[in-house]
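Data first, discussion second: the structure below is written as structure tokens.
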Amino acid sequence: MTAPTDSLVVDIVRTLEKEGVPRDAYQLGREFDPEALARLLDTGGDAVEVCHEIHGVALLVTKQGIWVAEEDRSARPECPQCGAVVTAVVQLVPEYYNAYPCGCWVRGDLLE
């Protein structure tokens, strides 16, 4: 693993421990690919946020840090194309926006 990946894994483990989840209750490598998550956060910009549940704890992972996701996910808008919950809008090229995680084309102001 690389240094950013190691730091990300340590931060996730510490957050789970604060929530009372013992280290032997899960294996991060089976839950997600830590290196892929680190690359996504590194290259995706500040708008990328990944919500992932590990052993009953919903984590919100961003470039700025890791938090326990306590917000009501139903408050997030639905994709107008497919109906999936939209957690971010990604701008790939000027004037072209995709909903995350579904990938459908959407308005750039969908989350505003």
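Just so we're aligned: the sequence shown equals residues 9 to 120 in the numbering used here. Yeah, the Cβ is synthetic: ideal placement off N, Cα and C, and Gly gets one too. Small disclaimer: the values here were computed from a predicted structure and weren't measured.
Go ahead and label residue i buried or exposed: buried means 16 or more other beta carbons lie within 10 angstroms of its beta carbon, across all protein chains shown.
{"i": "Thr23", "result": "buried"}
{"i": "Leu100", "result": "exposed"}
{"i": "Val76", "result": "exposed"}
{"i": "Tyr105", "result": "buried"}
{"i": "Ala96", "result": "buried"}
{"i": "Arg18", "result": "Just to set this straight, residue 18 is Val in the shown sequence, not Arg. So Val18 counts as exposed."}
To which residues does DSSP link residue i through a beta bridge?
{"i": "Gln99", "result": "Tyr105"}
{"i": "Thr51", "result": "BP columns for Thr51 are empty, so no partner."}
{"i": "Gly28", "result": "Paired residues: none, contrary to the question."}
Quick one: give me the first and last residue of the beta strand (DSSP E) that residue i is part of.
{"i": "Gly91", "result": "Taken as a continuous stretch (DSSP letters only), Gly91 belongs to no beta strand (DSSP E), as it is neither H nor E."}
{"i": "Leu68", "result": "65-70"}
{"i": "Gly73", "result": "73-76"}
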